[in-house]
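Worksheet: one structure, shown below.
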Amino acid sequence: MFHSIRWRIAIPFVLLIVLIMSGLGIYISNFVRQSYLNDLGAQLTAEARLAADYLAPSIPGESPVTLDTLARRWAALLGARVTIIAADGTVIGESHENRLQMDNHLSRPEIMQALALGQGSSTRFSQTAGYDMMYVAVPISKDSQVIGFMRVAIPLQQVQTNIAHLQRSLIGTTLVATLIAILLATWIAGRTTRPLRELTEAAEHFSGGDLHSHILPVTLDEVGQLTLAFNNMAVQLSSQIEDLEAERSKIAAVLAEMTDGVLIVDAQGLVQLLNPAAESMFEIAVNDALGHSVAEVLRHHQLVELWRSCHDTGSSQAATIEIGARRLYLQGLATPFGDALPGSTLLLFQNLTHLRRLETVRRDFISNISHELRTPLASLKALTETLQEGALEDPPAARRFLQRMETEVDALSLMVSELVELSRIESGRVPLQFKPVAPVDLVSQAVERLHLQSERAALSVTIDCPEDLPLVLADQNRLEQVIVNLLHNAIKFTPSGGQILVQASEKGEPGQENFILFLVSDNGIGISADDLPRIFERFFKSDRARSTGGTGLGLAIAKHMVEAHGGKIWAESIEGKGSTFYFHIPLAR
């Protein structure tokens with residue numbers, strides 16, 4: 006019998022069916038048991054969290070007797086055993102047993118997991134109840150402090166009964182399938198030939214991904230035709246896979262180079278794709294984002310609401326969102342994929358922060374320049390009208406009015422000159438004559454130019470600049486003007502009797518060892534924290550600075566001039582205690 010090909014095929018076939026059904030039965034039994042336990046654990050966790058949230062406000066002040074009553078009430082509602090445990094592990098509420106006879110529960114696995122991970126679960130034999138139970142515990146928190154634990158438990162007798170019933174059903178199914186397999190194997194084995202076995206082997210190669218192997222058909226019957234069909238299928242599949250790989254590479258390259266953040270979220274709200282721009286935008290690594298909820302990744306309720314609205318309505322949604330903590334201004338678009346990926350959503354975020362800032366600067370520039378021009382123009386108009394109405398007949402008064410008009414015209418001329426100068430600096434049309442310059446020369450000459458002003462203001466100006474400092478590469482006149490502008494502001498906003506320090510040193514920021522650091526420090530009125538980020542904008546003046554005159558362009562010119570030298574300028578200030586302006590300039594090589 007075993008010399009017949011029929012039985013050589015039939016017997017392994019039958020044994021294979023038996024093994025597969027047995028293995029499948031064991032797998033399904035374990036899978037169903039685990040799935041049931043997971044679902045049960047999730048349900049108990051949700052119920053435990055609900056009970057914990059309900060009891061959190063009342064636990065610190067409630068007596069154990071009251072907590073026992075609450076535990077029994079929750080146990081009746083949930084159909085489970087409820088235990089309330091204090092933060093030190095003492096049972097302070099129990100629905101089924103005498104809590105006074107119960108041990109400290111702090112060492113219970115579910116309690117230790119809840120304390121470490123925010124929730125814990127354990128399945129074990131209960132010495133108190135006398136049978137297997139599933140325990141789920143969550144911490145009870147108040148004001149971000151763990152004040153206890155809520156534990157919910159349920160017996161597993163019904164689960165074990167269901168699993169035993171499933172196993173009996175699988176055994177019966179296996180026997181029936183084995184009998185059918187014997188009959189089918191006997192019938193199929195008689196029609197099987199060697200080309201069919203070769204075709205089977207080739208099919209296994211195809212399933213393993215080897216699409217380049219081919220079979221030479223040895224017959225012209227159906228098996229031979231099937232062999233040709235398999236060969237054609239392998240060629241087509243190989244071509245399609247190569248095309249898909251090429252398309253995938255293109256899409257991956259596009260996503261990687263996009264400046265807009267792109268996310269794909271599935272129907273369950275889990276992130277399936279995240280491009281590098283989105284990683285940078287939301288400060289999260291791709292490995293920490295994939296498979297996590299959209300709320301964990303985006304961490305902003307308006308962004309999550311954009312996805313939820315698109316998911317619920319099935320239509321595209323757009324929103325402009327400002328994340329204040331990080332000063333991000335985003336344009337978000339959520340689009341459903343439709344039939345291509347049912348339930349999935351494409352989230353596209355465009356970072357408009359820079360455009361928003363430019364728009365704010367442009368708006369403020371127009372407002373500021375209008376304000377600066379309005380005052381001298383209004384004065385000129387008033388003076389002109391006064392002269393026209395008869396002041397010309399009074400020579401001394403007319404002379405005073407003309408002097409005031411000249412002053413206003415000079416102010417306008419100065420403003421226009423500084424605007425032209427700033428425009429030339431920004432456009433790079435200012436020719437800078439770079440040469441090695443000693444820092445002490447820059448500092449001393451700037452202080453000397455404003456010596457009379459500091460004396461009139463009764464201010465003490467101190468120079469701290471070693472003569473052996475390395476030379477910097479600079480346009481001496483332009484860089485000296487930067488120090489003069491900073492020193493002029495320090496004199497203007499420091500009360501009589503104040504102290505001003507002008508310093509140059511080799512102490513720079515980390516990574517800036519090839520620079521000389523200059524600073525101008527005073528103990529004057531200081532700058533408010535709201536105004537500090539904007540002091541280098543054109544025409545920007547704080548409320549205190551508006552009464553002191555000036556065009557508001559000095560710091561803007563200083564900023565652009567320092568940057569033209571390859572340096573950086575910044576300021577630190579505490580309102581009412583003074584300000585310090587820093588800038589560094591590269592060394593001459």
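According to this note's numbering, the residues represented by the sequence shown are 6 to 594, in order.
Beta carbons are placed, not taken as given, at the ideal position from N, Cα and C, and that holds for glycine.
ask   = Alpha carbon to alpha carbon, how far is P538 from L278?
value = 36 angstroms
key: Straight-line Cα distance separating T318 from G343   = 12 angstroms
task = May I have the straight-line CA-CA distance separating G98 from S63, to the nearest angstrom?
result = 13 angstroms
ask   = Should the stretch 91-109 be called in touch with the stretch 177-195, which here means at least 3 C-beta pairs below 8 angstroms?
value = no
request  = Determine, using beta carbons only, whether A520 and D480 come nearer to each other than 8 angstroms.
outcome  = Strictly speaking, residue 520 in this sequence is Phe, with Ala absent from that position. No, the pair does not count as a contact, with Cβ atoms beyond the cut-off.
task = Go ahead and label K386 buried or exposed: buried means 16 or more other beta carbons lie within 10 angstroms of its beta carbon, across all protein chains shown.
result = exposed
inquiry  = Using 8 angstroms as the cut-off, can you tell me whether the stretch 257-277 makes contact with the stretch 344-362, which would need three or more C-beta pairs spanning the two stretches below that distance?
reply    = In short, these stretches touch, since the Cβ pair count reaches three.
task = Could you have a look at K564 and say whether DSSP puts it in helix, strand or coil?
result = helix
key: Contact set for Y136: own chain, Cβ-Cβ below 8 angstroms, skip 5 residues either direction   = F130, P160, L161, Q162
message = Output needed for R551: all residues of its chain with C-beta closer than 6 angstroms, excluding positions within five of it in sequence on either side, in chain order.
response = Because the pLDDT at R551 is just 42, under 50, the model does not fix this residue reliably, and the point stays unresolved.
message = Which of the three DSSP states is assigned to E390 in this structure?
response = helix
query = Just checking, does the stretch 502-511 make contact with the stretch 568-578 on the three C-beta pairs under 8 angstroms criterion?
reply = no
inquiry  = Tell me the DSSP secondary structure of D536 in three-state form.
reply    = coil
key: Start-to-end residues for the beta strand (DSSP E) that takes in D73   = No beta strand (DSSP E) holds D73; the alpha helix (DSSP H) holding it covers 69-83.
request  = Report the partner residues of D480 according to the DSSP bridge assignment.
outcome  = DSSP output for D480 lists no bridge partner at all.
request  = Mark L188 as exposed unless 16 or more other C-beta atoms lie within 10 angstroms of its C-beta, in which case mark it buried.
outcome  = With fewer than 16 other Cβ atoms from the protein chains shown falling within 10 Å of its own Cβ, L188 counts as exposed.
message = Using only the alpha-carbon positions, how far apart do L447 and E453 sit?
response = 10 angstroms
request  = Could you name the residues of the same chain whose beta carbon sits closer than 7 angstroms to that of S298, not counting the 5 residues immediately before and after it, in chain order?
outcome  = These residues qualify, in order along the chain: G274, L275.
inquiry  = Between which two residues does the alpha helix (DSSP H) holding H306 run?
reply    = 306-318
ask   = Cα-Cα, which of E472, D536, A234 is closest to A208?
value = Closest in alpha carbon position to A208, among E472, D536, A234, is A234.
ask   = Which partner residues does S578 have in the DSSP bridge list?
value = S584
inquiry  = Rounded to the nearest angstrom, what separates L24 and L184 at their Cα positions?
reply    = 14 angstroms
task = Could you check what DSSP says for R361 in three-state terms: helix, strand or coil?
result = helix
inquiry  = Taking only three categories from DSSP, how would you classify N490?
reply    = Reduced to three states, the DSSP call for N490 is helix.
task = Please go through the same chain and pick out, in chain order, the residues whose beta-carbon is closer than 7 angstroms to the beta-carbon of G502, but skip the five residues on each side of it.
result = A463
ask   = Ordered along the chain, which non-local residues of its own chain (more than five positions away) have a Cβ less than 6 angstroms from that of A563?
value = V487, N490
inquiry  = Using a Cβ-Cβ cutoff of less than 6 angstroms, which residues in the same chain neighbour T358 once the five nearest sequence positions on both sides are dropped?
reply    = L333, Y334
message = Looking only at its chain, what residues have a beta carbon closer than 6 angstroms to the beta carbon of M26, apart from the 5 residues adjacent to it on each side?
response = T179, A182
inquiry  = I'd like the span of the beta strand (DSSP E) that includes Q2, first residue to last.
reply    = There is no way to answer for residue 2, as the model of the chain reaches only from 6 to 594.
task = For the stretch 239-270, list the beta strand (DSSP E) runs that are entirely contained and at least 3 residues long, ordered along the chain.
result = Fully contained in the stretch 239-270 are the following beta strand (DSSP E) runs of length 3 or more, in chain order: 266-270.
task = Tell me where the alpha helix (DSSP H) around A142 begins and ends.
result = Careful: A142 lies outside any alpha helix (DSSP H), inside the beta strand (DSSP E) at 137-147.
request  = Apply the 10 Å Cβ neighbour rule to I5 and answer buried if 16 or more other Cβ atoms are within range, or exposed otherwise.
outcome  = This structure leaves residue 5 out entirely; the chain is present only between 6 and 594.
message = Can you list, in chain order, the residues of its chain with a C-beta nearer than 6 angstroms to that of Q307? Leave out the 5 residues immediately preceding and following it.
response = I326
request  = Apply the 10 Å Cβ neighbour rule to W79 and answer buried if 16 or more other Cβ atoms are within range, or exposed otherwise.
outcome  = Here W79 is buried, its C-beta having at least 16 other C-beta atoms within 10 Å.
query = So is L311 buried or exposed if we call it buried at 16+ other beta carbons inside 10 Å?
reply = Classification for L311: buried.
ask   = Can you tell which of I468, A186, T232 has its C-alpha closest to the C-alpha of E206?
value = T232
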